[in-house]
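**Student:**
2 protein chains.
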Amino acid sequence: MPLTPSRTVEELRELRELTGNDDGAQRVAWTDTWAKAKKWLSGKLAGTEVEEETDEAGNQWFTLRGASDRALLIGGHIDSVPNGGWLDGCLNVLAGVEVLRRLAEEGEPPLTVRLVNWADEEGARFGRSLFGSSAAAGSMSDQDELRLRKDADGVTLPDAIAAHGVDLDRALDARKQLENAFAYLELHIEQGPVLESMDLPLGVVLGTFGVERHLITWRGQAAHAGSTPMDTRRDALAGAAKLALEIRPIAAQVGAGAVCTSGGVVTKPGIVTSVVETAEQLLDQRHLDAGSLAELLRLAKGASERFAQEEDLEVEWARIWSIEPILFDAELIDLADESIHEVASTSHRLPSGPLHDAAEVARAGIPTVMLFVQSLRGLSHTKLEDTKPEHLELAVQALDRLAQKVLERERSA
Amino acid sequence: MPLTPSRTVEELRELRELTGNDDGAQRVAWTDTWAKAKKWLSGKLAGTEVEEETDEAGNQWFTLRGASDRALLIGGHIDSVPNGGWLDGCLNVLAGVEVLRRLAEEGEPPLTVRLVNWADEEGARFGRSLFGSSAAAGSMSDQDELRLRKDADGVTLPDAIAAHGVDLDRALDARKQLENAFAYLELHIEQGPVLESMDLPLGVVLGTFGVERHLITWRGQAAHAGSTPMDTRRDALAGAAKLALEIRPIAAQVGAGAVCTSGGVVTKPGIVTSVVETAEQLLDQRHLDAGSLAELLRLAKGASERFAQEEDLEVEWARIWSIEPILFDAELIDLADESIHEVASTSHRLPSGPLHDAAEVARAGIPTVMLFVQSLRGLSHTKLEDTKPEHLELAVQALDRLAQKVLERERSA
Chain L
1275 MPLTPSRTVE
1285 ELRELRELTG
1295 NDDGAQRVAW
1305 TDTWAKAKKW
1315 LSGKLAGTEV
1325 EEETDEAGNQ
1335 WFTLRGASDR
1345 ALLIGGHIDS
1355 VPNGGWLDGC
1365 LNVLAGVEVL
1375 RRLAEEGEPP
1385 LTVRLVNWAD
1395 EEGARFGRSL
1405 FGSSAAAGSM
1415 SDQDELRLRK
1425 DADGVTLPDA
1435 IAAHGVDLDR
1445 ALDARKQLEN
1455 AFAYLELHIE
1465 QGPVLESMDL
1475 PLGVVLGTFG
1485 VERHLITWRG
1495 QAAHAGSTPM
1505 DTRRDALAGA
1515 AKLALEIRPI
1525 AAQVGAGAVC
1535 TSGGVVTKPG
1545 IVTSVVETAE
1555 QLLDQRHLDA
1565 GSLAELLRLA
1575 KGASERFAQE
1585 EDLEVEWARI
1595 WSIEPILFDA
1605 ELIDLADESI
1615 HEVASTSHRL
1625 PSGPLHDAAE
1635 VARAGIPTVM
1645 LFVQSLRGLS
1655 HTKLEDTKPE
1665 HLELAVQALD
1675 RLAQKVLERE
1685 RSA
Chain E
1275 MPLTPSRTVE
1285 ELRELRELTG
1295 NDDGAQRVAW
1305 TDTWAKAKKW
1315 LSGKLAGTEV
1325 EEETDEAGNQ
1335 WFTLRGASDR
1345 ALLIGGHIDS
1355 VPNGGWLDGC
1365 LNVLAGVEVL
1375 RRLAEEGEPP
1385 LTVRLVNWAD
1395 EEGARFGRSL
1405 FGSSAAAGSM
1415 SDQDELRLRK
1425 DADGVTLPDA
1435 IAAHGVDLDR
1445 ALDARKQLEN
1455 AFAYLELHIE
1465 QGPVLESMDL
1475 PLGVVLGTFG
1485 VERHLITWRG
1495 QAAHAGSTPM
1505 DTRRDALAGA
1515 AKLALEIRPI
1525 AAQVGAGAVC
1535 TSGGVVTKPG
1545 IVTSVVETAE
1555 QLLDQRHLDA
1565 GSLAELLRLA
1575 KGASERFAQE
1585 EDLEVEWARI
1595 WSIEPILFDA
1605 ELIDLADESI
1615 HEVASTSHRL
1625 PSGPLHDAAE
1635 VARAGIPTVM
1645 LFVQSLRGLS
1655 HTKLEDTKPE
1665 HLELAVQALD
1675 RLAQKVLERE
1685 RSA
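Residue numbers (the working numbering), protein chains in the order written: chain L, 1275 to 1687; chain E, 1275 to 1687.
1. Please confirm whether residue 1485(E) and residue 1396(E) have their CB atoms less than 9 Å apart.
2. If you draw a straight line from the alpha carbon of residue 1565(E) to that of residue 1577(E), how long is it in whole angstroms?
3. Have a look at residue 1299(L) and residue 1311(L) and give me their C-alpha separation to the nearest angstrom.
4. If we require 3 or more residues per run, which beta strand (DSSP E) segments fall completely within the region 1571-1608 of chain L?
5. Which word fits residue 1600(L), buried or exposed, when buried means at least 16 other C-beta atoms lie within 10 angstroms of its C-beta?
6. Three or more C-beta pairs under 8 Å: does that hold for the region 1656-1676 of chain E against the region 1434-1443 of chain E?
7. For a cutoff of 9 Å on Cβ pairs, would you count residue 1506(E) as touching chain L?
8. Using the DSSP secondary-structure output, state which residues sit across from residue 1558(E) in a beta bridge.
9. If we count the other Cβ atoms within 10 Å of its Cβ and call it buried at 16 or more, is residue 1426(E) buried or exposed?
10. According to DSSP, residue 1367(E) sits in a beta bridge with which residue or residues?
11. Between the region 1604-1611 of chain L and the region 1373-1388 of chain L, are three or more C-beta pairs nearer than 8 Å?
12. For residue 1544(L), which of helix, strand or coil comes out of DSSP?
13. Considering Cα atoms alone, identify which of 1422(L), 1542(L), 1350(L) is closest to residue 1389(L).
14. When you compare each of 1360(E), 1356(E), 1548(E) to residue 1285(E) by their alpha carbons, which one comes out closest?
15. By a C-beta neighbour count over all protein chains shown, 10 Å radius and 16 as the cutoff for buried, is residue 1686(E) buried or exposed?
16. Express the C-alpha separation of residue 1326(L) and residue 1334(L) in angstroms, rounding to a whole number.
17. Can the beta-carbon of residue 1574(E) be found closer than 9 Å to that of residue 1587(E)?
18. I want to verify the contact list: residues of chain E whose CB lies under 8 Å from the CB of residue 1525(L), in sequence order.
19. Considering only C-alpha positions, which residue in the set 1412(E), 1638(E), 1666(E), 1627(E) is nearest to residue 1648(E)?
20. Between residue 1614(L) and chain E, is there a C-beta pair that is closer than 9 Å?
21. Grouping DSSP H, G and I as helix and E and B as strand, with all else coil, what is residue 1385(L)?
22. Using a Cβ-Cβ cut-off of 9 Å, state whether residue 1580(L) counts as contacting chain E.
23. Any idea if residue 1306(L) is buried or exposed, counting beta-carbon neighbours within 10 angstroms, 16 or more meaning buried?
24. Which residues, in chain order, does the region 1465-1484 of chain E contribute to contact with chain L at a C-beta distance below 9 Å?
25. Please compile the residues from chain L whose C-beta is within a distance smaller than 9 Å of the C-beta of residue 1560(E).
26. Quick check on DSSP: helix, strand or coil for residue 1640(L)?
27. Does the CB of residue 1420(L) have a neighbour CB from chain E at under 9 Å?
28. Do residue 1373(E) and residue 1387(E) have their C-beta atoms closer together than 9 Å?
29. Expressed to the nearest angstrom, what Euclidean distance is found between the alpha-carbon atoms of residue 1529(L) and residue 1505(E)?
30. Can you tell me which residues form a DSSP beta bridge with residue 1400(L)?
31. Between residue 1277(L) and residue 1603(L), what straight-line distance do the alpha-carbon atoms span, to the nearest angstrom?
32. Have a look at residue 1320(E) and residue 1465(E) and give me their C-alpha separation to the nearest angstrom.
33. Whose C-alpha, out of 1646(E), 1470(E), 1632(E), is nearest the C-alpha of residue 1411(E)?
34. Step through the CB atoms of chain E and report whether any lies within less than 9 Å of the CB of residue 1654(L).
35. For residue 1348(E), write down the residues that DSSP places opposite it in a beta bridge.
36. With a threshold of 9 Å between beta-carbons, can residue 1626(E) be considered close to chain L, or not?
This is how it looks when you write it as structure tokens:
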């Protein structure tokens, strides 16, 4: 049987029936439903030459051994957020299954090809995303902190993962999985509106945005809404409001591809009869270029200091989290572009706003690229997440072409 | 003993010791501490000709009968918010005690003079302020709703007030207390910064602001902070931010005395990785002039519709509460101004942003005026609330002068 992309769509629907409900996908990592999905996945490669193993971080590997140990990796994650969509993560895995089945039918390949189902990409239960891929990439360095994490029911992370055979102290032993890899490919839904707005089914991902994430605290003076004249107020909300609006011209100034988001403001005392004394504002800034990201941050800090002065407030910045931009491999980007052109006649290069396991693999030095397929209305992390079946099939074809091109290039190298 | 204003300051300190703690005043209405304060207050007029009674709404009345039943009323409230200040409410009552003692020593007056300690001005326990004064004024019309109110411990309002001898069904019988009143006087700390900023000890209050209080809901679209380009966002926070800033030029445009406050914004989902889908914004607008208040509201609504269009949002307004402006009596304002000039050489006329029991009495048709004494730093409803002792003494003198002038005017009328 040659590559059969329609089978991938059928299998995605089968997985939805098996592990979802009326609220959406429920394959949260380190739960019974997740384990059920992994077992179901094993069945999809039963009867082939593909060998299965699970590494020390809980990643599920499917290996089609070739004449050489040098390995092409294809990755995805079958875990989802609670009430998630039917495609986020598992499309990648099932498209990889289809590619592996096609290759397995053709006999022993000259190079090894491996599919990995990364453990806990979403971090939905313990707030720690990219668990399995960061362990395999060797970048996991927060074990001491992870040891203390608990889920909403008070179960600790070490206990929860031990129930699935993972020992946190040994998770970094998964690093050996990447030793022979010469390339890593990942397909994902875009989770944004760009491809749909351009009426394109597929795009090549240039890399993942660097992120600066801060909590900004504005401090003024609580005062009675009735007895305090306008010109004597120190209104903390005014600082937050000005910055919430100013991040837009700042993003425009730094240029295309910059995104800045004030995802929330908490006001205290937050009552109708008092001027706001304290406003805590969340800010998330992203760019694919490290210099531009630094400029976004510099401009926002400068604006906040100006607003603090104008409004007679104190302003304080605290970094919540940051990550540098991660650029994918230039040659793989070109091959991916070719593959997309071959199956869809047209392509587009775009950055990824969200992080993906691919970023961890790229950080480990493995040449990496991702393909995006169009998301309808840009929605994700909701049961409303969707992609047209014909686009899903094109995506499987593009991933297969890309895998084939990368294998051929490596053989002739 | 003639009028002795320093005694009032001593008695305020005594009350603070008796009913406060390290966190401030604790005379919340319908509690044991409040009952203790009321009993202590009775003692301050023991041994005079003053008669005491408590009406059907729990208001405590001290009556110095005159040759005529026609009565001058002086009012205040001994209840406080939890962790309140040492002056809010009880200054008024104790200044009235001093005036009554001065008059009682002079023998039977030609007119009756009555001091009232209103029950539950603050509404701290059940969220219903001006309880006793609205019952006496006949404007209380929410008994059915009050019957269902509970405090933080689940005690119902009817049960709590019954423990202090008040039957909610009979509260409106307190209306007869106002039958013979020809004027009502109330002294209060300003609870705002105006007099302090002008370096004035005392001012005459023109009336209480009308209030428009609304909850404004902005609805956009949640979207991933990383994958959603700036120009495709529908950010509900942008609408709330624009309005939080726009209410300031709107207040300036409507003119001096207008105040507009956005006391809080609640953002949903309120997480760092998502554009804000829903922002719920509180708005409080106040003015002494009904037309200007309507104009404030009209301008804010118009601006919100403009912002909704600019930002591709839905906006919805819901009135939380409103009250019309209440103007005090013009002749009493002139007499109050004279009294303040006599004791402090200078005076000032200003509106009251906060509501007071005086507003209820004025609404009932009794000619009413209030005196304000300076608040340090404009602070109130906190243990930091303070007024200089010399200003407190001037306030007692001004109230006494005003009472005397009103009595003399009434006799010669």
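Even for Gly, the Cβ is constructed at its ideal location relative to N, Cα and C. Keep in mind that this is a model prediction, so the values were computed, not measured.
**Tutor:** Here's the rundown:
1. Not a contact, by the Cβ cut-off of 9 Å.
2. For residue 1565(E) and residue 1577(E), the distance between alpha carbons rounds to 18 Å.
3. Cα to Cα, residue 1299(L) sits roughly 11 Å from residue 1311(L).
4. Here the runs fully enclosed are 1588-1597.
5. Under this definition residue 1600(L) is a buried residue.
6. Contact fails: fewer than three Cβ-Cβ distances are below 8 Å.
7. Chain L contact via Cβ: present.
8. Within the DSSP secondary-structure output, residue 1558(E) pairs in a beta bridge with 1487(E), 1535(E).
9. It is exposed - the Cβ of residue 1426(E) has fewer than 16 other Cβ atoms within 10 Å.
10. Beta-bridge pairing links residue 1367(E) to no other residue.
11. No, the region 1604-1611 of chain L is not in contact with the region 1373-1388 of chain L.
12. Correct three-state label for residue 1544(L): coil.
13. A check of alpha carbon separations from residue 1389(L) across 1422(L), 1542(L), 1350(L) identifies 1350(L) as the nearest.
14. Per the Cα distances, 1360(E).
15. Flag for residue 1686(E) reads exposed.
16. Rounded to the nearest angstrom, the two C-alpha atoms are 7 Å apart.
17. Taking 9 Å as the Cβ cut-off, residue 1574(E) and residue 1587(E) do not qualify as a contacting pair.
18. The answer, in chain order, is 1504.
19. In terms of Cα proximity to residue 1648(E), the closest of 1412(E), 1638(E), 1666(E), 1627(E) is 1666(E).
20. Chain E contact via Cβ: absent.
21. Looking at residue 1385(L) - three-state DSSP - the assignment turns out to be strand.
22. No, no contact with chain E.
23. Classification for residue 1306(L): exposed.
24. Across the region 1465-1484 of chain E, CB contacts with chain L closer than 9 Å involve 1465, 1466, 1467, 1468, 1471, 1482, 1483, in sequence order along the chain.
25. Ordered by position in chain L, the residues that pass the 9 Å Cβ test against residue 1560(E) are 1499, 1500.
26. DSSP places residue 1640(L) in coil when its eight states are reduced to three.
27. Taking Cβ atoms only, chain E never reaches closer than 9 Å to residue 1420(L), which makes this a no.
28. Yes.
29. Those two C-alpha atoms are separated by around 12 Å.
30. For residue 1400(L), which the question treats as bridged, DSSP gives no partner whatsoever.
31. Approximately 26 Å, taken between the alpha carbons.
32. Distance between the alpha carbons of residue 1320(E) and residue 1465(E) is about 31 Å.
33. Per the Cα distances, 1632(E).
34. By this cut-off, residue 1654(L) is an interface position.
35. Partner(s): 1389(E), 1459(E).
36. In terms of beta-carbon proximity, residue 1626(E) lines the interface with chain L, with at least one pair separated by less than 9 Å.
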